[in-house]
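Undergrad:
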Amino acid sequence: MSFERVQEKLNILADAAKYDVSCSSSGSNRTNKNKGLGDASASGICHTYTEDGRCVSLLKILLTNHCIFDCAYCVTRKSNDIKRAAFKVQEVVDLTINFYRRNYIEGLFLSSGIFKSADYTMERLVAVAKKLRLEENFNGYIHLKSIPGASDELMREAGLYADRLSVNIEIPTEKGLKLLAPDKNRADFIKPMEKVKNEIILYKNEKKLIKSTPKYAPAGQSTQMIVGASGESDMQIMYTSNYFYKNFNLKRVYYSGYVPISYDTRLPQIGTPVPMLRENRLYQTDWLLRFYGFNIEEILNEQNQSLDLDIDPKLGWALRNLHEFPVDINKADKRMLARIPGLGMKSVFKILNARRYRQLNWDHLKSIGVALNRAQYFIVCASNQFERRDLTSEKIKGLILQNSKSKYTAMLSNQLNLFG
Numbered sequence: 001m002s003f004e005r006v007q008e009k010l011n012i013l014a015d016a017a018k019y020d021v022s023c024s025s026s027g028s029n030r031t032n033k034n035k036g037l038g039d040a041s042a043s044g045i046c047h048t049y050t051e052d053g054r055c056v057s058l059l060k061i062l063l064t065n066h067c068i069f070d071c072a073y074c075v076t077r078k079s080n081d082i083k084r085a086a087f088k089v090q091e092v093v094d095l096t097i098n099f100y101r102r103n104y105i106e107g108l109f110l111s112s113g114i115f116k117s118a119d120y121t122m123e124r125l126v127a128v129a130k131k132l133r134l135e136e137n138f139n140g141y142i143h144l145k146s147i148p149g150a151s152d153e154l155m156r157e158a159g160l161y162a163d164r165l166s167v168n169i170e171i172p173t174e175k176g177l178k179l180l181a182p183d184k185n186r187a188d189f190i191k192p193m194e195k196v197k198n199e200i201i202l203y204k205n206e207k208k209l210i211k212s213t214p215k216y217a218p219a220g221q222s223t224q225m226i227v228g229a230s231g232e233s234d235m236q237i238m239y240t241s242n243y244f245y246k247n248f249n250l251k252r253v254y255y256s257g258y259v260p261i262s263y264d265t266r267l268p269q270i271g272t273p274v275p276m277l278r279e280n281r282l283y284q285t286d287w288l289l290r291f292y293g294f295n296i297e298e299i300l301n302e303q304n305q306s307l308d309l310d311i312d313p314k315l316g317w318a319l320r321n322l323h324e325f326p327v328d329i330n331k332a333d334k335r336m337l338a339r340i341p342g343l344g345m346k347s348v349f350k351i352l353n354a355r356r357y358r359q360l361n362w363d364h365l366k367s368i369g370v371a372l373n374r375a376q377y378f379i380v381c382a383s384n385q386f387e388r389r390d391l392t393s394e395k396i397k398g399l400i401l402q403n404s405k406s407k408y409t410a411m412l413s414n415q416l417n418l419f420g
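Under full-length UniProt numbering, the first residue of the sequence shown carries the number 1, and numbering increases by one thereafter.
(1) What residues in its chain sit with their C-beta under 6 Å from that of ALA42, if we drop five residues either side in the sequence?
(2) Compare the Cα-Cα distances from TRP287 to each of LYS334, ASP234, LYS314, PHE138 and report the closest residue.
(3) Would you mind sorting ARG339 into buried or exposed? The rule is 16 or more other CB atoms within 10 Å of its CB.
(4) Taking the beta carbon of HIS143 as the centre, do at least 16 other beta carbons fall within 10 Å, making it buried, or is it exposed?
(5) Tell me the DSSP secondary structure of SER25 in three-state form.
(6) Might you give, ordered along the chain, the residues of its own chain that have their beta carbon closer than 7 Å to the beta carbon of HIS364, omitting 5 neighbours on each side?
(7) By a C-beta neighbour count over all protein chains shown, 10 Å radius and 16 as the cutoff for buried, is ALA72 buried or exposed?
(8) Taking ARG356 as the reference, give the member of ALA332, ASN373, VAL370 with the closest Cα.
(9) Measuring only the C-alpha atoms, how far is VAL93 from GLU135?
(10) Kindly indicate which residue of LEU154, ILE210, SER151, SER222 has the alpha-carbon position closest to the one of ARG164.
(11) Touching or not, the stretch 120-131 and the stretch 145-158, by the rule of three or more beta carbon pairs under 8 Å?
(12) Indicate the three-state DSSP secondary structure (helix, strand or coil) for GLY271 in the structure shown.
(13) Which residues does DSSP list as the beta-bridge partners of ASP328?
(14) So for ASN353, helix, strand or coil by DSSP?
(15) For ASP52, collect the residues of the same chain with a Cβ closer than 6 Å to its Cβ; drop the 5 residues on either side in sequence, then sort them by chain order.
(16) Nearest-angstrom Cα distance between ILE171 and VAL6?
(17) I'd like the list of long-range same chain contacts for ASN247, defined as Cβ closer than 6 Å, with 5 residues on each side in sequence excluded.
(18) Taking the DSSP output, what are the residues bridged to GLU170?
(19) For LYS9, which of THR265, ARG84, LYS251 has the nearest alpha-carbon?
(20) How would you call PRO341, buried or exposed, if buried means at least 16 neighbouring beta carbons within 10 angstroms?
(21) Hey, which unbroken runs of the beta strand (DSSP E) at 3 residues or more fall wholly within the stretch 55-86?
(22) Could you pull out every residue in the same chain whose Cβ sits closer than 8 Å to the Cβ of THR272, ignoring the five residues on either side in sequence?
(23) Three or more C-beta pairs closer than 8 Å, one from the stretch 222-236 and one from the stretch 251-267: is that the case here?
(24) Compute the beta-carbon to beta-carbon distance between LEU319 and ILE396, rounded to the nearest angstrom, for a pair I have assumed lies under 8 Å.
(25) Taking 8 Å as the threshold, find out whether the stretch 61-71 comes into contact with the stretch 108-115 through three or more Cβ pairs.
(26) What would DSSP say about ARG102, mapped onto helix, strand or coil?
(27) Taking buried to mean at least 16 other C-beta atoms within 10 Å of its own C-beta, is ILE82 buried or exposed?
(28) I'd like the ranges of any alpha helix (DSSP H) spanning at least 4 consecutive residues and lying wholly in the stretch 106-142.
(29) Tell me which residue opens and which closes the beta strand (DSSP E) that TYR255 is part of.
(30) Exposed or buried, ASP328, counting other C-beta atoms within 10 Å across all chains shown (16 or more means buried)?
Below you can see the structure in the form of structure tokens.
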């Protein structure tokens, strides 16, 4: 096949893949062996930035943008009049190796539209990963999308060659999925996730007995939800996310704001994209659930179904629960320290360690890195200087916003930190 045709396919299928944000690679520990190519343990591989500011890259493409489904929210739906293309298995293998050898990429993120059937498509995705591992001795990062409805046998094989697997549940609620993708069944999304979860558990148990047990999806599995296409509230979105975290041991859930691309009356009007700030608040809530010890009901419930766009969700919780404050920074346990606005988990651990040796005052907290412009209203420490405690939640919110204008009013970067 001519270079021009491969280049055309790459342009089409790389552009079609840009709507999938679930391409974080952190968590894999596959090392280089037998003088092979790549090393997934050396750094994260995705189109994003690491926490220390490094930009990392991967080949992020679809195997094909042909699809048998007609999901209203999807640019590759079968009724959409777009240019179609499909890679052969060997073409993807060759592109990955050639790009890697030229230092253009550090790994592969491969998804696909569904053509013919779920198994037919998944079989070809697995074939790409298998060829890279066994024939090209490629040890770099590979992320494969799990095709809804794929057989257990294919999902088992996929995890032997891929570092991470993910199946996008697409719409947060079953009602929304039936509205916008009536040909799809939520059970088909659950099936591969359940298989991957069970295989990871089996691998970990076998690894304890047999050290040479082949790795299975060492970076785990993730999923992605489209936000704003079907009208779900923040509460519905995060309750769904919480369900999948608890029941399928997911590494990450990604939230992708819907960009209107169709005049379909079931969808939001063109020109009304989901605010980037809403995505950011969902990610912040996700962090609170996974790392800060919050329960979903504390942040979102029937009385508070939407996240406040003006302030972050932890500050929102604190303002609704002023009876829990002030907290004595020198006496509070880890759980309560993590709930103080302005304290990240790094600061929490620094405080727990530092107060073993002395009572902490405002200067100590500032040097630790506590954001005192927020924390000062919720804590006391070893100092005679402290904020008055008769402020209402509305007054505290106003003072914080007044002193944090750049944080809450500036446009957020389109590049979110996707590492977890």
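Think of the CB as a built atom: it goes at the ideal place given N, C-alpha and C, for glycine as much as any other residue.
TA: The structure says:
(1) A caution first: ALA42 carries a pLDDT of 33, below 50, which makes its placement in the model unreliable, though a value can still be read off. Same-chain partners within the cutoff: there are none.
(2) LYS314
(3) Around the beta-carbon of ARG339, 16 or more other beta-carbon atoms lie within 10 Å, marking it buried.
(4) buried
(5) Summary for SER25: the model assigns pLDDT 45, below 50, so the residue's position carries little reliability, and this model does not support an answer.
(6) If we look at HIS364 and ignore the five residues flanking it on each side, its Cβ neighbours are ALA354.
(7) buried
(8) ALA332
(9) Answer to the nearest angstrom: the Cα atoms are 10 Å apart.
(10) SER222
(11) yes
(12) In this structure, GLY271 counts as coil in the three-state DSSP scheme.
(13) VAL380
(14) The answer is helix: DSSP assigns ASN353 an H, G or I state.
(15) Annotation note: pLDDT 45 at ASP52 (below 50); position unreliable, coordinate value reported separately. None.
(16) Approximately 33 Å, taken between the alpha carbons.
(17) none
(18) MET225
(19) ARG84
(20) buried
(21) Listed in chain order, they are 59-62.
(22) For THR272, same chain residues with a beta-carbon under 8 Å away, outside a window of 5 residues either side, are PRO260 in chain order.
(23) yes
(24) 6 Å
(25) Output reads yes: the stretch 108-115 touches the stretch 61-71.
(26) DSSP places ARG102 in coil when its eight states are reduced to three.
(27) exposed
(28) 118-134
(29) 252-257
(30) exposed
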